[in-house]
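Chemist: Reminder that position 196 of the sequence shown reads as 196 in the numbering used here, one-by-one numbering, no gaps.
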Amino acid sequence: MKNEGRKRCRPRSASGHPPRVLLVIPTANIIHRQILNGILRYAHQYGPWEFHMITGLFEEQGIRRTKEWGCTGAIAFTETKAHVSAVLAAAVPVIFINPPGTLMGAKSSLSHHCCVIRDHGAVGRSAADYFLDRQYASFAYVGDVRNMPWSFDRAKGFVERVSQQGFSCEIYPELTQNEREDFGLESKRLRLWLRKLPKPVAVMAARDQRARQILEMCMDEGISVPHEIAVLGVGNDEILCETTTPSLSSIELDGENTGYECAKLLDGRMRLPAAAAAACRVSLSQARVITRRSTDISCIADPHMAKALAFIRAGLGTRLTVAQVARHTNISQRLLEMKSRQTLGRTVRDEIQRQRLNHARALLRNSQKTVSEIAAECGFCDPSHLGLWFRKTFRLTPTAFRASFRSDRP
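(1) Quick one: using the 10 Å Cβ neighbour count with 16 as the cut-off for buried, is T176 buried or exposed?
(2) In chain order, what are the residue ranges of uninterrupted beta strand (DSSP E) at least 3 long that sit wholly in the stretch 270 to 307?
(3) Is H450 helix, strand or coil when you go by DSSP?
(4) With three or more C-beta pairs closer than 8 angstroms as the rule, is the stretch 362 to 374 touching the stretch 330 to 345?
(5) Assuming G73 is part of the beta strand (DSSP E), what are its boundary residues?
(6) Taking the C-alpha atoms as reference points, what is the distance between E216 and D133?
(7) Please classify Y141: does DSSP put it in a helix, a strand, or coil?
(8) Using the three-state DSSP reduction, which class does R118 fall into: helix, strand or coil?
(9) Terminal residues of the continuous alpha helix (DSSP H) containing M219?
(10) For the alpha helix (DSSP H) holding S151, just list the boundary residues, first then last.
(11) Report, in whole angstroms, the separation of the C-beta atoms of F401 and L357, which I expect to be a contact under 8 angstroms.
(12) Sorted by chain position, which residues of the same chain lie with C-beta nearer than 6 angstroms to R293's C-beta, five sequence neighbours on each side aside?
(13) To the nearest angstrom, how far is the alpha carbon of A375 from that of K392?
(14) Skipping 5 residues on each side, what residues in its chain have a beta carbon closer than 8 angstroms to that of L23?
(15) Considering only the beta carbon of each residue, do A202 and S138 sit closer than 9 angstroms?
(16) Measure the alpha-carbon distance for T72 versus R20 and round it to whole angstroms.
(17) Going straight from the alpha carbon of G417 to that of R154, what length do you get?
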């Protein structure tokens, strides 16, 4: 999300220094680095800010130097009560990113502070919707090796969404401590589990690194990806995703926007007297799937219908006709319609319209494009035509849908 505009004048602190912001953020993970980029983008736009960076466990670094440095605010990842206590000891405004739910109760130490929370259930639901749109009927989930709460939340969202559509989901069992420390021990169990899954199956992994392990096991076992197992990760670490075989589809979490919003919240709180800074909870749900080869197939047994659906997806920005789809699949229009009703339960024209509308909905959620631009990109003759079908299908106008989605964002 771009927040361009005239640069605000940042008053200096009583000491005459620009704001001095403590960042307690690890850098090994791509999402954390994206968050840092967002914080820096805000600081460059509305700063200057000075930073003190801590990438390891906070209590190992000590807080004394931070106090001496004259810290005026902080943005922090915290995983334990000790982490929270160490950050709060700085006695400055703090934005906490994704603190554990156990630390956010009404009587907890975070109850009077601002927390920015990723809706991990929404991530799981996005993955489920992605696979459901591709006509899968078998689903599985592989969690994080450390059994983190966010991994369980993603699993819950994934399972709930496929269950709503009448499907079940296989859940890979939790790991033992020894397996968590040695992938060589776990790999035997993971191989066997993947081998026994009903095929074709759509597999969501809690994060990209976990998905990479799944792809390696599939290669070792001779399991075809994506034809037998389609694999989707989370994080969209481009280096990791582009160096797997096949390349890995992944859910992008828009970490840069998260960081920008955290900096914006902190800026506002640093401008207020401590007593005036109210507690807040900001939930982030935006997620979009980046399709690569690990999922780039529609799970349709009929080769003509698989070819037809791929052609429709590739031609969403054109005035695609049923006759064009039939010619591409080398069968008659009548036979294509019969296969479409048997396979999808709807006509070819209805499928074209369904894919156009789903693409329009994704663009409304995840882009800054105008409704006119989206209408053209999705093959509608004009914005009013898109509006008519969008309102008929989703019971909202495109503009109202975009507004309702963004009202849940910071």
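Glycine is no exception: its CB is placed at the ideal position from the N, C-alpha and C atoms. Everything numeric in this text was worked out from a predicted model, so none of it was measured.
Modeler: Reading off the structure:
(1) The residue you call residue 176 lines up with position 176 of the sequence shown. Counting Cβ neighbours within 10 Å, T176 comes out exposed, since fewer than 16 surround it.
(2) 280 to 284, 288 to 290
(3) Any answer about residue 450 is impossible in this case: the structure gives the chain only from 1 up to 410.
(4) no
(5) As a working note, residue 73 is residue 73 in the sequence shown. Element bounds for G73: 73 to 77.
(6) Translated into positions along the sequence shown, residue 216 becomes position 216. Translated into positions along the sequence shown, residue 133 becomes position 133. So the alpha carbons of these two residues sit roughly 26 angstroms apart.
(7) Counted from its first residue, the sequence shown places residue 141 at position 141. Strand at Y141.
(8) The residue labelled residue 118 in the question sits at position 118 within the sequence shown. Three-state result, R118: strand.
(9) To locate residue 219, count along the sequence shown from 1; it is residue 219. It spans 208 to 221 - the alpha helix (DSSP H) in which M219 sits, taken as one unbroken run.
(10) Translated into positions along the sequence shown, residue 151 becomes position 151. Segment 149 to 164, the alpha helix (DSSP H) holding S151.
(11) To locate residue 401, count along the sequence shown from 1; it is residue 401. To locate residue 357, count along the sequence shown from 1; it is residue 357. Their Cβ separation, rounded to whole angstroms, is 11 angstroms, which puts F401 and L357 out of contact at 8 angstroms.
(12) Taking the sequence shown and counting its residues from 1, one reaches residue 293 at position 293. Excluding sequence neighbours, R293 sits near P246, S247.
(13) Here residue 375 corresponds to residue number 375 of the sequence shown, with the count starting at 1. Here residue 392 corresponds to residue number 392 of the sequence shown, with the count starting at 1. Distance between the alpha carbons of A375 and K392: 15 angstroms.
(14) Here the question's residue 23 lines up with position 23 in the sequence shown. Excluding sequence neighbours, L23 sits near L36, I39, F51, H52, M53, I54, A74, I75, A76.
(15) As a first step, residue 202 must be located in the sequence shown, where it is residue number 202. As a first step, residue 138 must be located in the sequence shown, where it is residue number 138. In this structure, S138 lies closer than 9 angstroms to A202 by Cβ.
(16) Position 72 of the sequence shown, counting from 1, holds the residue named residue 72. Position 20 of the sequence shown, counting from 1, holds the residue named residue 20. For T72 and R20, the distance between alpha carbons rounds to 5 angstroms.
(17) For residue 417 there is no data in the structure shown, the boundaries of the chain being 1 and 410.
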